[in-house]
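All remarks here apply to the structure that follows.
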Amino acid sequence: MVMAPAKILVVDDDPAVRNLIQRFLLKQNYQVEAAEDGKTALALFEQFNPELVILDVNLPDVIGFNLCQEMQSRNGVFVLMLTSRTDEADKIRGFSKGADDYLTKPFGLGELEVRVAAILRRQRVVTTAEQKRLIFEKLMIDPVRREVTLNNQPVPLTALEFDLLHFLASHPGRVWRRAELIQEVWDYEYVGDQRVVDVHIGQIRKKIEADASQPALIQTVRGVGYKFECPTYPQQSELNS
Numbered sequence: 001m002v003m004a005p006a007k008i009l010v011v012d013d014d015p016a017v018r019n020l021i022q023r024f025l026l027k028q029n030y031q032v033e034a035a036e037d038g039k040t041a042l043a044l045f046e047q048f049n050p051e052l053v054i055l056d057v058n059l060p061d062v063i064g065f066n067l068c069q070e071m072q073s074r075n076g077v078f079v080l081m082l083t084s085r086t087d088e089a090d091k092i093r094g095f096s097k098g099a100d101d102y103l104t105k106p107f108g109l110g111e112l113e114v115r116v117a118a119i120l121r122r123q124r125v126v127t128t129a130e131q132k133r134l135i136f137e138k139l140m141i142d143p144v145r146r147e148v149t150l151n152n153q154p155v156p157l158t159a160l161e162f163d164l165l166h167f168l169a170s171h172p173g174r175v176w177r178r179a180e181l182i183q184e185v186w187d188y189e190y191v192g193d194q195r196v197v198d199v200h201i202g203q204i205r206k207k208i209e210a211d212a213s214q215p216a217l218i219q220t221v222r223g224v225g226y227k228f229e230c231p232t233y234p235q236q237s238e239l240n241s
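Take 1 as the starting number for the sequence shown in UniProt numbering and just add one per residue.
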């Protein structure tokens with residue numbers, strides 16, 4: 001079956017940058033729409049339903065971080081942020097708002113191509129082996145619906161947070177270094193501060209741990225990285241109560 005080309009929405013108030021990206025991606029056979037401000041971007045977002053949004057941080061009518069969060073809250077779309085800032089704290093803020101990746105201006109079109117392809121690869125068809133829902137006591141992870149529930153209540157995760165949690169939970173007890181998680185979940189050699197992993201782990205913990213300061217599910221292994229630990233209490237206790 002031939003897959004339809006991915007839909008990408010480009011949002012940048014600089015017409016030169018916007019047109020350059022749009023023309024380049026069209027040549028790569030993607031479906032592309034473009035917007036110059038947040039209001040137009042949200043309207044297009046609703047109509048076009050893109051798989052990926054390439055979003056400038058600085059827009060005339062809205063802060064890119066906030067627009068990223070708004071779009072993410074609607075359908076978990078992938079977001080690649082564009083910024084002229086090189087401040088690492090700025091990138092950390094973007095990741096905490098749901099961004100999947102960052103490109104700092106000026107950037108090469110070759111680098112853009114690699115980043116876009118890497119993000120979209122994460123939307124691969126889920127294999128039969130991966131379709132199984134993961135259930136850990138009151139936590140349920142559904143890879144087909146890309147949904148997580150805790151105590152039967154939905155847990156709102158960004159696309160990248162879901163991928164990271166699902167990957168860790170698929171290998172309970174195994175310890176992963178940050179570099180390994182970036183390779184497995186981001187799907188390419190991320191060049192930058194590996195603290196992006198810590199940011200996403202911190203965000204997930206706030207949403208699924210009873211006490212994020214003393215996490216029981218996603219544990220830190222000092223000097224190494226992280227592991228997902230299955231709850232130790234017996235599953236049948238709920239049935240007998």
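Every residue gets a Cβ at the ideal spot worked out from N, C-alpha and C, and that includes glycine.
Exposure of residue i, with buried meaning 16 or more beta-carbon neighbours within 10 Å
i: L164; result: buried
i: G225; result: buried
i: V144; result: exposed
i: I135; result: exposed
i: K91; result: buried
i: L26; result: exposed
i: R124; result: Confidence at R124 is low in this model, with a pLDDT of 49, below 50, so its placement is unreliable and the value that follows should be read with caution. The residue in question, R124, is exposed, as its Cβ has fewer than 16 Cβ neighbours within 10 Å.
i: E46; result: exposed
i: H166; result: buried
i: E88; result: exposed
i: Q153; result: exposed
i: Q194; result: exposed
i: A16; result: exposed
i: H171; result: exposed
Whole-number beta carbon distance between residue j and residue i, since they are thought to touch under 8 Å
i: K7; j: P50; result: 4 Å
i: V32; j: V57; result: Incorrect: roughly 20 Å between the Cβ atoms, too far for contact.
i: E229; j: G173; result: 7 Å
i: P109; j: F24; result: Residue 109 is actually Leu in this sequence, not Pro. With a Cβ gap of about 5 Å, L109 and F24 count as contacting.
i: V53; j: V77; result: 6 Å
i: L103; j: E111; result: 7 Å
Residue i beta carbon near the ligand COA (any heavy atom closer than 7 Å)
i: E46; result: Ligands in the displayed structure: none, and consequently the ligand COA is not present.
Strand pairing of residue i, partner residues [DSSP]
i: V116; result: BP columns for V116 are empty, so no partner.
i: D211; result: In DSSP, D211 forms no bridge with anything.
i: P154; result: T149
i: D56; result: L82
i: E33; result: L9
i: V221; result: G225
i: D101; result: L80
i: I141; result: L134 and V148
i: R121; result: Answer by DSSP bridge pairing: none, since R121 is not bridged.
i: R177; result: G225
Extent of the continuous beta strand (DSSP E) run through residue i
i: L217; result: No beta strand (DSSP E) contains L217, which DSSP labels as neither H nor E.
i: I182; result: First-last for I182: undefined, no H or E at that position.
Extent of the continuous alpha helix (DSSP H) run through residue i
i: E88; result: E88 to S96
i: D163; result: A159 to A169
i: E70; result: G64 to N75
i: F45; result: G38 to F48
i: P15; result: P15 to K27
Residue-chain proximity (residue i, chain E), Cβ-Cβ < 8 Å
i: I21; result: Checking the listed chains, one finds no chain E in this structure; it contains a single protein chain.
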